[in-house]
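The block underneath contains the structure these notes are about, expressed in structure tokens.
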Amino acid sequence: MTLSCPLLPAAYRLVLRETVGSTNDEAKELARQGAAAGTIVWAMEQTAGRGRRGRCWSSPRGNLFASLILRPACSVERAAQLGFVAGLAVADALAELAPSLGAFVCKWPNDVLARGRKIAGILMESERRTYETPAFLIVGIGVNLASAPPDTEFPATSVADEGCLPPAPEVALEAVVRHFEIWTQHWQQQGFARVREAWRARAFALGGPIRARLETAILYGRFVDIDQHGALLLETAGELRRIPAGDVFPVT
Ligand code: BTN
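Residue numbers (the working numbering): 67 to 318.
So, in structure tokens, the structure goes:
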């Protein structure tokens, strides 16, 4: 297989692996050894790709698997906003690469949907330096370009499944990183308000009924908004609940 090396903005450095367990695990190990912010671990396939909440992430060749090491000089809570930055970057990159698929939608917290099905997911992991500040943050990005698994709880799709010619992973990586850099600059210069506004404009089910699955409960209600930290605000049983972590589903 011939692989052209992606052209990345100056602040990024690529570590290419053929096959890994999980690019997030590789990136974490490099970060512990002192790898600089902007290091990206990119693999052709993963044998133990991970999703949020311990789920497995199907990782065959032809899709994009990349994990970015960041060292944001801010609180852990603020650093979590970079998940929304990454979601917007993936949505914008896909809109550029597969314009005929129409608008890509962001599903709270960090998924990207195409035509109502999940096409990309983001796994944010961090280790703390102090209780308040992260030593590093890993932003793991998986995008279904050539294929999607058939048996997921939330239906999945890929660029190819939607009838478009899938871009090569290196082309997708280049676009995702370019848009990540653009959204990171907006976030740094204008704060989360700018990111939140763009994310809300693309949000799945905002204002409508949803099922929210938390660690220990399932709640039905209306998706009112995300707050200034990115938590979901759900109107349920006559009260407004703030949900910092969970999964969102349509009400069927
Ligand atoms: C999710 O939607 O549950 C998150 C999926 C994240 C998958 C990516 S693929 C690259 C990186 N390495 C992993 O093991 N997971 C993330």
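Virtual Cβ for every residue (Gly too), placed ideally from N, Cα, C. All figures in this text were calculated on a predicted structure; none of them were measured in a lab.
- Query: So Ala102 packs on Arg79, CB below 8 Å; how close in whole Å?
  - Reply: On the sequence shown, position 36 is the one that residue 102 refers to. On the sequence shown, position 13 is the one that residue 79 refers to. Confirmed, Cβ separation roughly 7 Å.
- Query: Just reading off the beta strand (DSSP E) that Val317 is part of, what are its end residues?
  - Reply: Residue numbering aside, residue 317 sits at position 251 when the sequence shown is read from its first letter. Element bounds for Val317: n/a, residue is neither H nor E.
- C-beta atoms of Ala322 and Val151 nearer than 8 Å: Outside the shown range of the chain, which is 67 to 318, sits residue 322, and nothing can be said about it.
- Message: Using 8 Å for Cβ pairs, my map puts Leu148 next to Leu136. What's the rounded Cβ distance?
- Response: Position 82 of the sequence shown, counted from the first residue, corresponds to residue 148. Position 70 of the sequence shown, counted from the first residue, corresponds to residue 136. The pair is a contact, with the Cβ atoms about 7 Å apart (cut-off 8 Å).
- Within its chain, find whatever has a CB closer than 7 Å to the CB of Ala146; leave out the 5 residues flanking it on each side and keep chain order. Numbered from 1 along the sequence shown, position 80 holds the residue referred to as residue 146. So the qualifying residues of the chain are Met190 and Gly296.
- Message: Please tell me whether Ala271 and Phe289 are closer than 8 Å, where the distance is taken between their beta carbons.
- Response: By 1-based counting over the sequence shown, the position of residue 271 is 205. By 1-based counting over the sequence shown, the position of residue 289 is 223. Yes. Within cutoff.
- Message: Taking the beta strand (DSSP E) that Trp108 belongs to, which residues open and close that run?
- Response: Position 42 of the sequence shown holds residue 108. Residues Thr105 to Gln112.
- Message: So, for Met110: in the same chain, excluding its five sequence neighbours on each side, which residues have a beta-carbon less than 6 Å away from its beta-carbon?
- Response: Position 44 of the sequence shown, counted from the first residue, corresponds to residue 110. Cβ within range, chain order: Glu84 and Arg127.
- Taking 7 Å as the cut-off, is the CB of Ala214 close to at least one heavy atom of the ligand BTN? Counted from its first residue, the sequence shown places residue 214 at position 148. No.
- Query: Cβ of Asp177 within 7 Å of any heavy atom in the ligand BTN?
  - Reply: Residue numbering aside, residue 177 sits at position 111 when the sequence shown is read from its first letter. Under cutoff, so the answer is yes.
- Task: Sort Asp313, Asn90 and Val242 by Cα distance to Val107 and report the nearest one.
- Result: Stepping through the sequence shown from its first residue, residue 107 is reached at position 41. Of the listed residues, the one whose Cα sits closest to Val107 is Asn90.
- Message: Looking at the strands, I want to know which residues DSSP matches up with Arg279.
- Response: On the sequence shown, position 213 is the one that residue 279 refers to. DSSP output for Arg279 lists Ile284 and Asp313 as bridge partner(s).
- Message: Going by beta-carbon coordinates alone, are Val261 and Ala159 separated by less than 8 Å?
- Response: Reading the sequence shown from its first residue, position 195 is the one you call residue 261. Reading the sequence shown from its first residue, position 93 is the one you call residue 159. No, these two residues do not count as a Cβ contact at 8 Å.
- Sub-8 Å separation of Ala278 and Ile309 beta-carbons: Here the question's residue 278 lines up with position 212 in the sequence shown. Here the question's residue 309 lines up with position 243 in the sequence shown. In this structure, Ile309 lies closer than 8 Å to Ala278 by Cβ.
- Query: Comparing alpha-carbon positions, which option in Glu228, Thr218 and Ala180 lies nearest Cys172?
  - Reply: For the purposes of this step, residue 172 is taken as the residue at position 106 of the sequence shown. For the residues Glu228, Thr218 and Ala180, the minimum Cα distance to Cys172 belongs to Ala180.
- Message: Can you tell me where the alpha helix (DSSP H) holding Arg119 begins and where it ends?
- Response: Within the sequence shown, numbered from 1, the residue matching residue 119 stands at position 53. First-last for Arg119: undefined, no H or E at that position.
- Message: Looking at the strands, I want to know which residues DSSP matches up with Leu219.
- Response: Start at 1 with the first residue of the sequence shown, and residue 219 comes out as number 153. Looking at the sequence provided, one finds Glu at residue 219 rather than Leu. BP columns for Glu219 are empty, so no partner.
- Measure how close the beta-carbons of Ala114 and Ser88 come, nearest whole angstrom, since I'm counting them as under 8 Å. As a first step, residue 114 must be located in the sequence shown, where it is residue number 48. As a first step, residue 88 must be located in the sequence shown, where it is residue number 22. Confirmed, about 5 Å.
- Query: Does DSSP classify Glu198 as helix, strand or coil?
  - Reply: As a working note, residue 198 is residue 132 in the sequence shown. Three-state result, Glu198: coil.
- Query: Quick one, which of Arg118, Ala76 and Ala161 has its alpha-carbon nearest Thr218's?
  - Reply: Reading the sequence shown from its first residue, position 152 is the one you call residue 218. The shortest C-alpha separation from Thr218 is found at Arg118.
- Item | Alpha-carbon spacing of Ser70 relative to Asn210, whole angstroms | Along the sequence shown, read from residue 1 onward, the residue named residue 70 stands at position 4. Along the sequence shown, read from residue 1 onward, the residue named residue 210 stands at position 144. Answer to the nearest angstrom: the Cα atoms are 19 Å apart.
- Query: How long is the line joining the alpha carbons of Val86 and Ala77, rounded to whole angstroms?
  - Reply: Within the sequence shown, the letter at position 20 stands for residue 86. Within the sequence shown, the letter at position 11 stands for residue 77. Taking the straight line joining both Cα atoms gives about 24 Å.
- Query: Near Ala97, what residues of its chain come up, given a Cβ to Cβ distance below 6 Å and the 5 sequence neighbours on each side ignored?
  - Reply: Taking the first residue of the sequence shown as 1, we reach residue 97 at position 31. Contacts found: Ile135 and Phe202.
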